[in-house]
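Comments concern the structure below.
Numbering (my numbering), first residue to last: 60 to 363.
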């Protein structure tokens, strides 16, 4: 549901987003309920029916548009196929060894800060830029998404969906948890507009996806405090956790440092989805962060 909500939000399908968000609330309530009966799942059936009904309506409209389109014009299906083939456009930047399933730190500089304002016509880059800015607007923040070219890597069909889904989750995480509010950034000498770099590099045998923001970095003390307040660890136990162990907790299901859940985060699901996707595709996951300066996620997915 969280993945569906993310993609619906990125595509500005607000009805889908609302239904998925409501269903996610119901699921969260069930997770914390303890005793469950069949009747407890009836509200979920209603949400699923609403999603299927809305999906069928859109599919029907799409078929009508196709039938009425001029013969010389590309059909909606043709466009969809083209987008699916290139669904995540690509580029850049890093040559570091990454480990998984453990999450490690990496000090190697990655990526290039290149302003591509002239690439505004690129559909895929525009898609991610608009997605990041929409989230920022809801969170009272300002962001600029940068990338080298997003059309250089020829992604295998089986990796198109996971790369897109991981990208959406990482971008949301960067805006919600990484980039500070303009007033906060101004107070510490940063520009009001935060920067996020999205890059993808074809390394021959695998693809390396990198998302880096120039935000507040990972606050390990805040993670310790939240783990303690959530009852996952005692204060003493939390104080003894290493940074590597704290990162693992950050990727655990249901854990979030955000105080209140909203459309964009707070349920502790986004990073859990990323971890699961990376594991499903035998990939590697690396996190590097400098407090007050930046956070960088690097995902490596083998082509085979």
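A virtual CB, placed ideally from N, CA and C, is assigned to each residue, including glycine.
Those residues which DSSP pairs with residue 347 across a bridge: 355
Residue environment, residue 69, which counts as buried when at least 16 other CB atoms sit within 10 Å: buried
For residue 339, the nearest candidate out of 355, 352, 361 and 350 (CA to CA): 361
Beta-ladder partner(s) of residue 23, from DSSP: The structure shown does not extend to residue 23, since the chain is modelled only from 60 to 363, so the question has no answer here.
For residue 358 and residue 267, the rounded distance between their alpha carbons: 6 Å
Continuous beta strand (DSSP E) stretch holding residue 186: start and end: No beta strand (DSSP E) contains residue 186, which is instead part of the alpha helix (DSSP H) from 182-198.
Stretch pair the region 97-107 + the region 76-88: three plus CB contacts closer than 8 Å: yes
Under 8 Å between C-beta atoms of residue 113 and residue 74: yes
Proximity below 8 Å, CB of residue 65 to CB of residue 227: yes
Helix, strand or coil at residue 177 [DSSP, three-state]: With a pLDDT of 42 at residue 177, under the threshold of 50, the predicted position of this residue should be treated as unreliable, though the coordinate-derived value follows. Correct three-state label for residue 177: helix.
Secondary structure of residue 122, DSSP reduced to three states: helix
Residue 264 versus residue 214: straight-line alpha-carbon distance, rounded: 11 Å
Host beta strand (DSSP E) of residue 329 (start-end): No beta strand (DSSP E) holds residue 329; the alpha helix (DSSP H) holding it covers 329-339.
Cβ neighbour criterion (16 or more within 10 Å) applied to residue 272: buried
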